[in-house]
Amino acid sequence: MGATLSPHAMKRLSLRCALAAAALMSAAPASHAWTRISCELGGTVANLPVVMRQYRTDGTELTQLIFRLKVRNADIPDGARADTDCTEFVGREIDVVLENTAANTVRKGKTLKMLYRYDDSLGQSQATKFELDRP
């Protein structure tokens, strides 16, 4: 017959496993941590926006507004966490995709303020998110 463990031995074993897992996680290099970036980007729309519509099999519609933003300033929002200082965006044109936004909201040459969020933990298809800054 097999040996059975007492409740006290089971608790000690689970505690050892928990401590071993904690030690392993603390020993992992920081490069394995998830990257999270939050930035407030300000700039002007560099091209004419394009509207893309997709229809799902259930009949719902997904609308995406696609354009390029010439970034002039970038800051970390108050209370947000960022693994960068956001200055890497200044002076660059970036591709922006807004979901469910009216086409007349964005016009070429118009000044916009955007919220940019990037989170590795959400997976490649959902990691990048843009939102219009609503005052």
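Sequential numbering from 35 applies to the sequence shown in the working numbering. Backbone N, C-alpha and C define an ideal beta-carbon position, used for all residues, glycine too. Since the model is a prediction, treat every value here as computed from it, not as a measurement.
I'd like to check one pair, residue j with residue i: are the Cβ atoms closer than 8 angstroms?
i, j, result
"Lys142", "Leu82", "yes"
"Val140", "Val124", "no"
"Ser72", "Ala114", "yes"
"Ala108", "Thr121", "yes"
CB-CB under 8 angstroms to residue i, same chain, minus the five flanking residues each way: which ones, in chain order?
i, result
"Thr78", "Leu103, Lys104, Arg106, Gly143, Lys144, Thr145 and Leu146"
"Trp84", "The sequence given here has Val at residue 84, not Trp. Contacts found: Leu99, Ile100 and Phe101."
State the DSSP-derived secondary structure class of residue i, mapped to helix, strand or coil.
i, result
"Ala108", "strand"
"Leu82", "coil"
"Thr162", "strand"
"Asp129", "strand"
"Thr91", "coil"
"Asp119", "coil"
"Asp153", "strand"
"Thr139", "helix"
"Gly113", "coil"
Closest by CA to residue i, which one among the options?
i, options, result
"Asn134", "Val84, Gln98 and Arg70", "Gln98"
"Pro111", "Glu74, Asp119 and Arg90", "Glu74"
"Tyr152", "Thr118, Thr91 and Gly76", "Thr118"
"Arg87", "Ala161, Asp167, Leu132 and Thr162", "Leu132"
"Gly76", "Glu127, Ala161, Arg70 and Thr162", "Glu127"
Residues in the same chain with beta-carbon distance under 6 angstroms from residue i, minus the five sequence neighbours each way, listed in chain order, please.
i, result
"Tyr89", "Glu95"
"Glu165", "Leu149"
"Thr162", "Tyr152"
"Ala80", "Arg102, Lys104 and Glu127"
Please list, in chain order, all residues of the same chain as residue i whose beta carbon is under 7 angstroms from its beta carbon, the five residues on each side excluded.
i, result
"Asn138", "none"
"Asp167", "Glu74, Lys147, Met148 and Leu149"
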